[in-house]
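See below for the structure under consideration.
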Amino acid sequence: MRQQVIQWMLAACVLAGCGGAVEDLAGSEETLAPAEREDPAPVRYGPQVIAPTHQDLSEPLRDLPVPPAKPHVNRPRLRRPFRQSWHPPPPFEDPIIQRHPGAWKIPELLLEVEGMGQGFAGPDGPFTVERFPADPAGDVGPEHYMQIVNSSISVFDKGGRVVFGPVPTRMLWYGFGGPCADPLRDDDSRDGDGVIRYDHLADRWVVTQFILEPNINRYHECVAVSETGDPTGRYHRYAFRFEAPNDYPKLGLWPDAYYMTFNMEVRADLTIARVCALDRARMLVGDAAATLQCFDTDSFGLLPADLDGPRPPPAGSPHFTFGLGEDSTLEMWKFHVDWDEPARSSFTGPHPISVVPFTPLLCEEGGEQTTRCVPQRGDGAPALDSLGDVLMNRAPYRNFGGHQSVLLTHSVWADEDRGGMRWYELRHPESPIVYQQGTYAPDSHYRWMGSIASDGMGNIALGYSISSSKLYPSIRYTVRRASDPLGKMGGEKTLARGHASFVLNNWGDYSSMNVDPVDGCTFWYTNMYLNAPEAVPESARREEEEDMFNLDWSTRIGSFRMPGCDLLAPTVTLLSPGNGATVRGEVEVLALVKDDVGVIRVVLSVDGRPVDTDKYAPYRFEWDSTKVPDGRHELLLQAYDAAGNVGQASVTVIVANEVCGTTAQLLANPGFEDGPTGWRATAGVISHITSPTLPAHTGAWRAWLGGYGKRHRDTLSQELSIPEGACGAELTFWLRVHTTETASSARDTLTVRLLDPRGRTVATLARYSNLDAGPDYTQRSFDLSAFRGRTLRIVFESDEDASSATGFLIDDAGVNVRVRSTLVKLGESSGASARP
């Protein structure tokens with residue numbers, strides 16, 4: 002028997018400080034403290050744990066067959082019972098209505114491109130409208146923007162080019178088995194309410210949609226997590242079954258889980274909210290043991306916090322879920338998930354948050370309350386669904402280091418003849434404070450279906466639909482800078498101008514404002530509008546010359562960024578000289594520097610001391626290397642942008658302004674003629690015992706490693722220091738390999754390595770084996786110039802297996818260095834890498 006926990010808790014209405022000035026109400030931390038009330042007790046029982054009914058790894062999405070389009074379906078969403086107190090009789094006015102936009106400049110669009118909808122086409126053909134409403138959403142990754150509408154997806158590059166799609170979302174589950182792959186083809190079957198989230202913590206894409214089959218009492222949430230950062234690649238696929246319709250899913254990213262909220266129609270007269278944690282860690286690797294942990298509440302239309310930005314929440318922080326409470330409050334729940342012991346997971350709430358009183362954008366129709374409140378242009382145009390009973394997608398959370406911030410927005414009555422966007426910034430969500438709030442309604446048009454987000458500098462963008470009896474439904478956005486007066490937005494810009502009114506009441510269920518995870522500054526927004534007066538039955542047309550109507554919707558995608566937002570440091574690539582290069586005289590230092598906004602200067606430092614500055618590309622310096630002593634030096638280039646971000650790159654070069662002359666030999670007893678003097682070796686390795694068949698290379702002594710014909714290891718080593726000012730250094734030795742092995746594979750080996758004074762391997766110079774056997778000595782040599790100024794141990798190590806014998810004979814070794822004697826005059830060739 003399924004274990005279901007329903008918390009029947011009602012939020013208390015505690016409204017503090019509502020009688021102050023409008024400015025105080027809009028942004029006073031002291032006035033707008035959380036409601037005074039004890040936290041509700043945690044849920045007594047463990048969560049409902051739901052295992053997947055199906056799980057697999059798909060073929061690459063780009064290689065799957067495209068399923069056929071389906072007939073048009075108008076899918077209404079589940080409703081909640083409305084309280085009469087939510088819609089007091091007029092006249093009234095929102096206490097914090099913003100009737101006049103701020104004077105600051107609104108950023109222009111960087112990108113404006115048509116999304117899926119009427120007339121859209123991509124590499125996979127033309128788009129077909131299958132579902133009403135559009136429910137547009139999307140997210141942005143390092144190289145792509147992925148858009149989803151009710152039951153279709155497309156992938157764009159950041160220049161707006163369609164690189165994949167449009168395809169039905171169910172294509173993701175092709176060959177999966179079960180209803181996610183092939184829902185029943187009856188009139189009551191539904192697939193849709195798709196959501197996309199880019200997991201910037203793991204460079205993965207998450208796509209979900211539901212499958213509703215009420216005729217056979219089967220309801221699933223289908224979840225796909227990409228295997229890599231490629232949105233057209235392979236996906237780990239999951240199907241989770243519910244006992245009731247799982248409507249209106251929303252998705253939020255958190256480090257310990259993906260969190261989803263649903264409206265669950267448990268009975269014909271009862272719809273509740275379900276909140277589920279999805280085992281993110283297991284889904285990222287395609288573990289079939291991934292589960293959901295779900296709790297139920299008697300609330301409705303909840304919204305999970307969704308992590309933006311590189312900083313995770315503080316260690317141990319719960320996940321936060323938000324909703325609209327009764328009597329003009331917000332509500333918050335805290336979810337602590339324990340994947341090892343699900344019985345210890347907890348979901349507590351609602352914790353009421355007092356805000357300035359609001360009136361949800363609800364209307365009265367036939368004596369009952371309804372959300373069909375938004376007028377459209379045109380005689381007889383139906384009123385559109387305001388979604389005034391729920392918070393709107395998303396609830397972006399951002400940790401700024403000094404504070405945490407959560408943004409929320411929903412549709413309200415601004416006054417008796419217009420709807421506006423109410424928005425909030427909550428801080429310190431563990432004990433939330435309403436840092437600022439406002440109701441944006443600068444003219445007589447209705448604004449609804451909003452989405453809000455903050456960039457990495459605290460600037461806020463709010464996108465929404467706009468319509469009225471004089472305006473076709475369109476898309477606009479507004480912004481506020483972090484330094485602007487609290488609770489205030491600026492003017493607005495149009496992302497898409499509507500050209501017709503919709504013939505249905507069901508406008509989109511949500512839109513989506515997201516922030517580019519690469520720069521932390523660029524906002525990406527998508528929403529629905531009507532592009533052209535087509536695809537409407539003649540019976541639905543009225544006064545066609547003046548009033549345009551449409552059934553098929555369109556969507557638009559746009560991006561913009563706030564002036565001055567710059568979080569990315571310039572990238573610096575040092576083209577010359579190369580790392581480890583030997584240079585002298587005038588040295589050309591050449592760099593490639595890029596920045597998303599602009600570079601103001603590049604500084605060259607030598608050994609931490611600035612020596613030159615260049616303000617203009619190409620960034621090129623002439624460095625006089627005679628100003629420093631010969632030897633190893635660090636060249637550091639630091640590039641600054643206008644926001645003070647600094648990017649850098651460095652190389653180490655060897656300054657050699659003295660002419661190389663005398664050669665010195667560093668090894669002690671290089672020919673072993675003094676026995677083991679200067680060397681460390683295993684017993685018997687250094688010997689004067691010789692024979693006509695295996696003599697020394699010269700003299701009477703040599704080193705003989707191996708040759709036992711059983712499992713055995715020998716070592717031979719000597720420590721030395723290579724002068725930093727040396728022109729060059731070279732290791733040489735004569736080697737003869739003698740073996741009785743007949744195998745065609747390497748059985749016995751000799752490894753030549755360099756170790757640091759602590760015994761750690763610095764470099765492996767060579768590895769020889771029985772396959773290198775020969776009748777004579779061969780000289781081997783290795784350049785050690787890169788190790789100038791270092792103390793090293795040269796180690797020869799043999800390793801024999803238990804079969805036939807292999808002997809490695811070494812003689813007449815040496816480390817030869819060249820030293821300098823005469824200064825090179827300024828102006829001579831530097832020896833630096835040539836310009837590419």
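In terms of this note's numbering, the sequence shown opens at residue 2 and continues consecutively.
Cβ atoms here follow ideal geometry from the backbone N, Cα and C, with glycine treated the same way.
Rounding to the nearest angstrom, what Cα-Cα distance links residue 204 and residue 142 in this structure?
8 Å
State the Cα-Cα distance for the pair residue 378 and residue 469, rounded to the nearest angstrom.
6 Å
Go ahead and pull the three-state DSSP assignment for residue 820.
Residue 820 carries a strand assignment under DSSP once its states are collapsed to helix, strand and coil.
Ordered along the chain, which non-local residues of its own chain (more than five positions away) have a Cβ less than 6 Å from that of residue 164?
156 and 158
Hey, residue 181 and residue 235: beta-carbon distance below 9 Å or not?
No, Cβ-Cβ distance for residue 181 and residue 235 is not below 9 Å.
When the Cα atoms are used, what is the spatial distance from residue 31 to residue 355?
The predicted position of residue 31 is uncertain, since its pLDDT is 34 and thus under 50; no value can be drawn from it.
Scan the region 744 to 778 and note each continuous beta strand (DSSP E) run of 3 residues or more that stays entirely inside, going in chain order.
750 to 756 and 762 to 770
With the cut-off set at 9 Å, would you say residue 253 and residue 265 are in Cβ contact?
For residue 253 and residue 265, no; Cβs fall outside 9 Å.
Within the chosen definition, does the region 430 to 447 reach the region 499 to 519 through at least 3 CB pairs nearer than 8 Å?
By the Cβ rule, the region 430 to 447 does not count as touching the region 499 to 519, because fewer than three pairs are nearer than 8 Å.
Check whether chain D comes within 9 Å of residue 489, counting only Cβ atoms and requiring the distance to be less than that.
Looking for chain D here will not work: only one protein chain is present.
Given 8 Å as the limit, is there contact between the region 596 to 604 and the region 484 to 492, that is, 3 or more CB pairs closer than that?
no
Compare the Cα-Cα distances from residue 454 to each of 443, 198 and 524 and report the closest residue.
Taking the Cα of residue 454 as reference, the smallest distance to any Cα among 443, 198 and 524 is reached at 524.
Near residue 757, which residues of its chain fall below 6 Å by C-beta distance, leaving aside the five closest residues on each side in sequence?
763
Sub-9 Å separation of residue 574 and residue 593 beta-carbons:
yes
Three-state secondary structure (DSSP) at residue 159?
Coil at residue 159, not helix or strand.
So, is residue 213 buried or exposed, given that buried needs 16 or more other C-beta atoms within 10 angstroms?
buried
With distance defined between alpha-carbon atoms, name the residue in 633, 282 and 121 nearest to residue 292.
Its Cα nearest to that of residue 292, the residue 282 stands out among 633, 282 and 121.
At the level of alpha carbons, what is the spacing between residue 409 and residue 229?
Residue 409 and residue 229: Cα-Cα distance of roughly 31 Å.
Boundaries of the beta strand (DSSP E) in which residue 282 is found, first to last residue:
Run containing residue 282: none in the beta strand (DSSP E); it sits in the alpha helix (DSSP H), 281 to 285.
Verify whether the separation of the beta carbon atoms of residue 403 and residue 450 is less than 9 Å.
no
By a C-beta neighbour count over all protein chains shown, 10 Å radius and 16 as the cutoff for buried, is residue 268 buried or exposed?
By the neighbour-count criterion, in which a residue is buried when 16 or more other Cβ atoms sit within 10 angstroms of its Cβ, residue 268 is exposed.
First through last residue of the beta strand (DSSP E) which encompasses residue 237
236 to 243
For residue 169 and residue 384, the rounded distance between their alpha carbons:
29 Å
Status (buried if at least 16 other CB within 10 Å, exposed otherwise) for residue 623
exposed
Leaving out five residues before and five after residue 780 in sequence, what residues of the same chain have Cβ atoms less than 7 Å from its Cβ?
733 and 735
Cα-Cα separation, residue 791 to residue 720
Spanning the two alpha carbons is a distance of roughly 11 Å.
Give me the Cα-Cα distance between residue 111 and residue 561, rounded to the nearest whole angstrom.
5 Å
Runs of beta strand (DSSP E) lying entirely within the region 371 to 427, each at least 3 residues, in chain order:
373 to 375, 396 to 400 and 405 to 416
Assumed close pair residue 850, residue 607 - CB separation to whole angstroms, cut-off 8 Å
Shown here, the chain extends from 2 to 837; a query on residue 850 therefore has no answer.
Own chain, CB closer than 6 Å to residue 628, minus 5 neighbours either side, in chain order
Correct list: empty, nothing qualifies.
Tell me the DSSP secondary structure of residue 248 in three-state form.
strand
Can you have a look at residue 162 and say buried or exposed, based on whether 16 or more other CB atoms are within 10 angstroms of its CB?
exposed
Leaving aside the five residues before and after residue 671 along the sequence, list all residues of the same chain whose C-beta is less than 6 Å from its C-beta, in chain order.
814 and 815
Residue range of the unbroken beta strand (DSSP E) whose run includes residue 357:
Here residue 357 belongs to no beta strand (DSSP E), and DSSP marks it neither H nor E.
Can you give me the start and stop residues for the beta strand (DSSP E) that residue 364 sits inside?
364 to 366
Below 8 Å on the Cβ atoms is my guess for residue 807 versus residue 749; work out the distance and round it to an integer in Å.
The Cβ separation is near 4 Å, so the contact holds.
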